[in-house]
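Engineer: For reference, the structure I am asking about is given below.
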Amino acid sequence: MNTSGAMRPGPESAAEALRTARAAENSARQSARSVPAWYPAAHGLLLAAAMSGFGLAPVWPRWQGWILAAALLCAGTFLVVTWRVQRVSGVAPWFARRERGTAWHAWILPLIPFAAGLVGALLFGGAGAFTGFGVVAGAVSWMQAGRARAGARESS
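In the numbering used here, the protein residues as written are 659 to 814.
This is the structure we're talking about:
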């Protein structure tokens, strides 16, 4: 006990705390490495295919049912792949904390798919909006997931 009456931690408890901290750090590094190499491409392509399918289905009425079914399958697969990989790896690239004074592109980049959708809507109507948004959002998603995976590998 020290003069205030509180217990002073001994060397054993300090060593245990250090072991616990190292185990947590190793676990975090291992989970960041567990993001598969195919994930960024699959993430971006499934998003682009789903959104583009929703936009292009009305353009071809004869194939509309098949296109919508494929778009729904891609959207569902996108959600499942995202959930599974990020749940297992513990990495959610778009929810990463940002420090104050982040670069302007960190705030502008998420708005680019919406701008592409707006341009597509002005030029081609609803089909253009979904297709423009889908393709650009897929590309941005692919790029961000790839960057997050590369950053996780560098830090490990």
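Each residue gets a CB set at the ideal place from its N, CA and C atoms; glycine is no exception. Here the structure is a predicted model, which is why all the values come from computation and not from measurement.
Would you mind stating whether G804 and A708 have Cβ atoms separated by less than 8 Å?
Structural biologist: No, they are not a contact pair.
Engineer: Could you compute how far the alpha carbon of L781 sits from the alpha carbon of A773?
Structural biologist: About 12 Å.
Engineer: Please name the residue, chosen from W765, E670, A699, C732, that lies closest to S799 on a Cα-to-Cα basis.
Structural biologist: Selected option, being the one with the closest Cα: A699.
Engineer: CA-CA distance, V777 and R742?
Structural biologist: Cα to Cα, V777 sits roughly 33 Å from R742.
Engineer: First and last residue of the alpha helix (DSSP H) that includes P771?
Structural biologist: 770-782 is the extent of the alpha helix (DSSP H) around P771.
Engineer: How many Å lie between V608 and L714 at the Cα?
Structural biologist: Nothing can be reported for residue 608: it is not among the residues displayed for the chain, which extend from 659 to 814.
Engineer: Suppose you measure from the CA of T789 to the CA of P719; what does that come to, to the nearest Å?
Structural biologist: Distance between the alpha carbons of T789 and P719 is about 16 Å.
Engineer: Check the Cβ-Cβ distances between L781 and every residue of chain E, and say whether any is below 8 Å.
Structural biologist: Looking for chain E here will not work: only one protein chain is present.
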